[in-house]
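Quick note: to get the working numbering, add 379 to the position in the sequence shown (first position is 1). In this text, a Cβ means the ideal position worked out from N, Cα and C, and glycines have one as well. Because the structure is a prediction, the values reported are computed rather than measured. In what follows, a structure is listed as structure tokens, so that the remarks can point back to it.
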Amino acid sequence: WSLIPSQWSLLSSQWSLIPSQWSLLSSQWSLIPSQWSLLSSQWSLIPSQWSLLSSQWSLIPYQWSLLSSQWSLLSSQWSLLSSQWSLLSSQWSLIPSQWSLLSSQWSLIPSQWSLIPSQWSLIPSQWSLIPSQWSLLPSQRSLLPS
380 WSLIPSQWSL LSSQWSLIPS QWSLLSSQWS LIPSQWSLLS SQWSLIPSQW SLLSSQWSLI
440 PYQWSLLSSQ WSLLSSQWSL LSSQWSLLSS QWSLIPSQWS LLSSQWSLIP SQWSLIPSQW
500 SLIPSQWSLI PSQWSLLPSQ RSLLPS
């Protein structure tokens, strides 16, 4: 029996909490429409998001094809560059031999130039042979068949 006042006090304190708890419950309950509206709006976005995802997914083959063609073009350009580099290297390796040939030919010029006077000195002797060759013409003519 002595416990009744304390139990009554506890019950009163808990009872006094009911309005605040009810107010909290009411405020949370009032949030349900706004939360439901937000959920509905997000749910309505799902088709558009799905459509966007589908369109992006459909672009993957095209993007892959474009990437493959660009890779193929890069490979062909690299191959062309390699062949041009190989050609340039081969031509570059010919320069010493061409230079050596040019040097050897250039070194022949003095000797060829020195032959000119000797060839020029032969002209009088060749010119002196003309009369003798001319005198042989009648005999050569007699050898022709009639």
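If you run the structure through DSSP and keep just helix, strand and coil, what is Ser-381?
Under the three-state reduction of DSSP output, Ser-381 falls in the coil class, being neither helix nor strand.
Grouping DSSP H, G and I as helix and E and B as strand, with all else coil, what is Leu-522?
For Leu-522, the three-state secondary structure derived from DSSP is coil.
Can you grab the Cα-Cα spacing for the pair Ser-423 / Pro-440, in whole Å?
So the alpha carbons of these two residues sit roughly 29 Å apart.
Quick one: grab the DSSP three-state call for Leu-418.
Look at Leu-418 here: in three-state DSSP terms it is helix.
Let me know the secondary structure DSSP gives Leu-515 once reduced to three states.
In the structure shown, Leu-515 adopts coil according to DSSP, grouped into three states.
For Ser-420 and Gln-400, the rounded distance between their alpha carbons
Rounded to whole angstroms, the gap between the alpha carbons of Gln-400 and Ser-420 is 31 Å.
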